[in-house]
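Colleague:
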Amino acid sequence: MKKVLFVSIVLLLATFIMAQTTIVFWHHESPAHRVAAFQKAVNLFQQEYPDIKVVQQVVPWGDAWTKTLAAIDAGTTPDFQFSLPELTITAYQADAIIPLDTLINEIDNKYDFVDSQLEPYMIEGNYWGIPIWTMPMVLIYRPSILEEYLGTSEPPKTWNELLLAAQEITLKSAAEGEKIYGIGLTAGNNLCTQEQVYTIMANVGVQLFDKEGNLTFNSPETLRAVEFYKDLFKFSPPGATGWAWGEIEMNFSAGKIAMMPYFGGLQKRFYDMGNYDLDGAPQPFPIDGQRGSLTYPNDIHIFKSAKEKGHLDEVYKFIRFIMRPEINAIFTAQTEPGSFVPVTVEAQESDAYWNDPIISKFEHLNRVIVEEINYGKLYGFETGSAVNLAIGGISGGNLLAEMIQNVVTGKYSIEKAVSDTTEKMRGFIEE
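Take the position in the sequence shown, starting the count at 1, then add 5; the result is the number in the working numbering.
#1: Compare the C-alpha of residue 24 against each of 319, 402, 66 and name the closest.
#2: Count Cβ pairs between the stretch 172-180 and the stretch 372-388 that sit closer than 8 Å; are there 3 or more?
#3: Look up residue 88 in the DSSP assignment and give the residues it is bridged to.
#4: Excluding the 5 residues preceding and the 5 following residue 158 in the sequence, name in chain order all residues of the same chain whose CB lies nearer than 6 Å to its CB.
#5: Considering only the alpha carbon of each residue, which of 115, 228, 190, 170 lies closest to residue 254?
#6: Specify the secondary structure class of residue 169 as computed by DSSP and reduced to three states.
#7: Mapping DSSP to helix, strand and coil, what is residue 184?
#8: List the DSSP bridge partners of residue 342.
#9: With DSSP as the reference, label residue 236 as helix, strand or coil.
#10: How far does the alpha helix (DSSP H) with residue 295 in it extend, from its first residue to its last?
#11: Measuring alpha carbon to alpha carbon, tell me which of 332, 125, 296, 257 ends up nearest residue 396.
#12: In angstroms with no decimal places, state the Cα-to-Cα distance between residue 129 and residue 75.
#13: So residue 419 and residue 272 are supposed to be a Cβ contact under 8 Å. How far apart are they, rounded?
#14: State the Cα-Cα distance for the pair residue 39 and residue 300, rounded to the nearest angstrom.
#15: Between residue 79 and residue 245, what straight-line distance do the alpha-carbon atoms span, to the nearest angstrom?
#16: Quick check: the stretch 277-291 against the stretch 370-378, are at least 3 beta-carbon pairs closer than 8 Å?
#17: So the beta strand (DSSP E) residue 285 belongs to, where does it begin and stop?
#18: Which of helix, strand or coil does DSSP assign to residue 133?
#19: Looking at the secondary structure, which residues open and close the beta strand (DSSP E) in which residue 154 lies?
#20: Evaluate residue 81 with the Cβ neighbour count: other Cβ atoms within 10 Å of its Cβ, from every protein chain shown; 16 or more gives buried, anything less gives exposed.
#21: May I ask which residues mark the beginning and end of the alpha helix (DSSP H) holding residue 201?
#22: Give me the residue from 259, 367, 133, 91 with the minimum Cα distance to residue 104.
#23: Could you tell me which of 336, 209, 388, 131 sits nearest to residue 34, measuring between CA atoms?
#24: Assuming residue 408 is part of the alpha helix (DSSP H), what are its boundary residues?
#25: For residue 257, I'd like the list of residues in its chain whose CB is within less than 7 Å of its CB, leaving aside the five on either flank, ordered along the chain.
#26: Contact defined as beta carbons within less than 8 Å: I believe residue 206 pairs with residue 227. What is the distance between those atoms, to the nearest angstrom?
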């Protein structure tokens, strides 16, 4: 009898395993705490859907484009991938992904997407990526430093106030033998610089393309933004001409930088240190400018291979699951609080998000961050949808960062740097 029972259990287990569908997704968030948070959500999904096995595979951002294209060429793509607008455009141009209009409309009706976070995924009349979180930049600052050197913990609101505050903090601290810099800006040839530059550009309405997709980068607005960045950079640490995320974060956390346009994710580091001297405000803008900053949505695109393998229903179930506000909080508040922010109104207002210990500890900062989503833009998508698909190559080439590095190091004048960058953009368009 025991033998029969054992055989029956084995047969049932084998039948279950055979009936289980395995879906695979790539993401590019290699830090261990991010991988662990994703796995937490995967485990919860598998408890609810035991017939579906979900496998996450990490492909570092530095390899994302080359490995995606290689997998497309080899026919070895995963079922879906966490992405950015530019990478989704690359996959679209390779004819490797499927439109997602039906799924987006379903989730939008249920949870209410913030419209601006959907717009970059509209290509030639269809949506090709579904946003799962976004990354807004705001002015983060150390209230204690502002209080000590400016006599107030209130942050600047205009460009003039920002420039004067950065100068005053830098000069006063130097006079006291300290090395505290009023502003944290980078000028390395990297994405960090590109994102900070665009945050300044958004304040005066810089557009890479018009609504018809024509290149409009070389404009008075661009020249003005680059000039302001150059002026402000004088009060940033001198070594920042080669800095990226690591250096700027380390110096800000160490109290060597008073303010900087940045993502809110440093709050996790401050929380872990037991240091709550951190807050944020909308990015200052000129009195004749506009409120705005960079907001970088992250999405999922689904490869055609998922449909070909008959996995589409399982993939849709997983996406629906992670867009539930209580689950989406795992991908945002529990993964990278302040950097990864919900893209639906329901998730933005959910208790699961605001009751997170880090989010609630820095509540004012996070309220500012969530509100900023309504004002944020992404370079190349200022008019809404993807009007010129060359933005994928332009962004990947870090052209804005290279331009700023040439300006702040004195290699080029502002006019020449902007002109040369415009011609390089034109080269991507003509390819």
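Note that beta-carbon positions come from the ideal geometry of N, C-alpha and C, so glycine has one too.
Modeller: Concretely, from the data shown:
#1: 319
#2: no
#3: 304
#4: 148, 151, 152
#5: 190
#6: helix
#7: coil
#8: 345
#9: helix
#10: Here residue 295 belongs to no alpha helix (DSSP H), and DSSP marks it neither H nor E.
#11: 125
#12: 25 Å
#13: About 35 Å separates the two Cβ atoms, so there is no contact after all.
#14: 20 Å
#15: 41 Å
#16: yes
#17: 284-286
#18: coil
#19: Note, residue 154: premise wrong, no beta strand (DSSP E); alpha helix (DSSP H) at 148-155.
#20: exposed
#21: 196-207
#22: 133
#23: 336
#24: 404-413
#25: 189, 265, 271
#26: 7 Å
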